[in-house]
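> In this text, residue positions in the sequence shown follow our numbering: the first is 1, and each later residue adds one. Once you've had a glance at the structure underneath, I'll fire off some questions.
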Amino acid sequence: MGSKLRYFARETLISLRRNLLMTLAGILTVTVSLVLFGGILLFQKWVDHGTQRWKDGVEFEVFMTVNPTEEQIEEVRQELDSDQRVKRFFFLTKEDAYEEFKRLFADKPDLVSETSAEALPPSFRVAPQNVEDTQDLKARYSTLAGVDVVITADEAIRDLVDVTGFLRWAFIGLALVLLASALFLIVNTIRLATFARRREIEVMKLVGASNWFVRIPFMLEGLVQGAVGAGMAVGGVFVLQWLFGTIENREGFFEGFYVTTSNAGFIGLWIILPLGALIGVLGSSIGLRRFLRV
1 MGSKLRYFAR
11 ETLISLRRNL
21 LMTLAGILTV
31 TVSLVLFGGI
41 LLFQKWVDHG
51 TQRWKDGVEF
61 EVFMTVNPTE
71 EQIEEVRQEL
81 DSDQRVKRFF
91 FLTKEDAYEE
101 FKRLFADKPD
111 LVSETSAEAL
121 PPSFRVAPQN
131 VEDTQDLKAR
141 YSTLAGVDVV
151 ITADEAIRDL
161 VDVTGFLRWA
171 FIGLALVLLA
181 SALFLIVNTI
191 RLATFARRRE
201 IEVMKLVGAS
211 NWFVRIPFML
221 EGLVQGAVGA
231 GMAVGGVFVL
241 QWLFGTIENR
251 EGFFEGFYVT
261 TSNAGFIGLW
271 IILPLGALIG
281 VLGSSIGLRR
291 FLRV
């Protein structure tokens, strides 16, 4: 078994060196396509986090003071319930706010441990009948007793939510084109490798080598290309996560938009790496099936 493993490793390295330019081209194409794909997933997470509170038609949120009285909460509830301009609303208790806080900052345990439910204010999230009424509603509910601040969804955020779907599919399409290109390069690399070693393969078959014994070095070659490209792409995903972090630390429009290191880790280790390995194995399998006559 040990001698077979050494043989497979040696033959794989020889083949990779023999077709070095094609190998590098395949690795780089896999890297670029997977970085783009990972970036799409990170961007989607970034937007989802930043716009989470504005889903399902919610246009503004009424934050109470940290310790409002039951009468103050009930007054706001009754006002919302009787206001014809309000389509629907729901109330978040301190405990609800804390559970959401823990989800949002799951990768910052120190911050979570330093914060308690008592430190967070309850709030009402409100979906108006007409978006045009949002500013009037903000002015109205800002004056009620026990209300600390009313935050509305910025028009630009609404536009961002609307355009995110289009951008996601556009970039996914581009990533798929690049992945197809990477697959094509890996297939052709395996094709060249099998062609260069056709005499050796014929001799191996004549002396009784099994089909899998012949195939394994070529499949490992494709796997190495896909895995190395994916490994580099994982690094690229963490760089993108850092870049998103430089944006999220700014106050203003992008306040509340963020992606966590756990998001980047999940995308990199559980999506990008397996996908890269799959592309490599698939490319080598196609190349062998078409060009290796054994």
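Using N, Cα and C, we set each Cβ at its ideal position, and we do this for glycine too.
(1) Would you tell me roughly how many angstroms separate the C-alpha atoms of Leu5 and Arg215, rounded to the nearest one?
(2) Taking the runs of the alpha helix (DSSP H) that are 4 residues or longer, which of them lie wholly in the segment 210 to 275?
(3) Less than 7 angstroms between C-beta atoms, sequence neighbours within five positions excluded: which residues of the same chain meet that for Leu144?
(4) In terms of alpha-carbon separation, which member of Tyr7, Thr134, Gly26, Ala9 lies closest to Leu178?
(5) Among Asp110, Gly283, Val32, which has the Cα closest to the Cα of Ile186?
(6) For Ala170 and chain C, any beta-carbon pair shorter than 9 angstroms?
(7) For Ala117, which of Gln129, Lys94, Ala139 has the nearest alpha-carbon?
(8) Assuming the contact rule is C-beta atoms closer than 8 angstroms, Ile40 and Ile172 should be a hit. Round their C-beta distance to whole Å, please.
(9) Run the CB neighbour count on Leu16, radius 10 Å, all protein chains shown included, and call it buried at 16 or more, exposed below.
(10) If we count the other Cβ atoms within 10 Å of its Cβ and call it buried at 16 or more, is Glu59 buried or exposed?
(11) Pull the bridge partners of Met22 from the DSSP assignment, please.
(12) Once DSSP output is grouped into helix, strand and coil, what is the label at Glu200?
(13) With contact counted as at least three CB pairs below 8 angstroms, one residue from each stretch, are the segment 118 to 138 and the segment 28 to 47 in contact?
(14) By alpha-carbon positions, which one of Arg10, Lys87, Lys108 ends up nearest to Thr260?
Considering the structure as presented:
(1) Taking the first residue of the sequence shown as 1, we reach residue 5 at position 5. Taking the first residue of the sequence shown as 1, we reach residue 215 at position 215. The alpha-carbon atoms of Leu5 and Arg215 are separated by roughly 13 angstroms.
(2) 211 to 248, 261 to 267
(3) In the sequence shown, residue 144 corresponds to position 144, counting from 1. The answer, listed in chain order, is Glu75, Val76, Glu79.
(4) To locate residue 178, count along the sequence shown from 1; it is residue 178. Of the candidates Tyr7, Thr134, Gly26, Ala9, the one whose C-alpha sits nearest the C-alpha of Leu178 is Gly26.
(5) As a first step, residue 186 must be located in the sequence shown, where it is residue number 186. When each option's Cα is compared against that of Ile186, the closest is Gly283.
(6) Of the protein chains in the structure, only one exists, and it is not chain C.
(7) Here the question's residue 117 lines up with position 117 in the sequence shown. Of the candidates Gln129, Lys94, Ala139, the residue whose Cα lies closest to the Cα of Ala117 is Lys94.
(8) Indexing the sequence shown from 1 puts residue 40 at position 40. Indexing the sequence shown from 1 puts residue 172 at position 172. Correct: roughly 6 angstroms between the Cβ atoms.
(9) Taking the sequence shown and counting its residues from 1, one reaches residue 16 at position 16. Leu16 is buried by the Cβ-count criterion.
(10) Here residue 59 refers to the residue found at position 59 when the sequence shown is read from its first residue. By the neighbour-count rule (16 or more Cβ atoms within 10 Å), Glu59 is buried.
(11) Locating residue 22 in the sequence shown gives position 22, where the first residue counts as 1. None, per the DSSP bridge assignment.
(12) Locating residue 200 in the sequence shown gives position 200, where the first residue counts as 1. Three-state DSSP puts Glu200 in a helix.
(13) no
(14) Sequence index remark: in the sequence shown, residue 260 carries index 260 (1-based). Comparing Cα positions, the closest option is Lys108.
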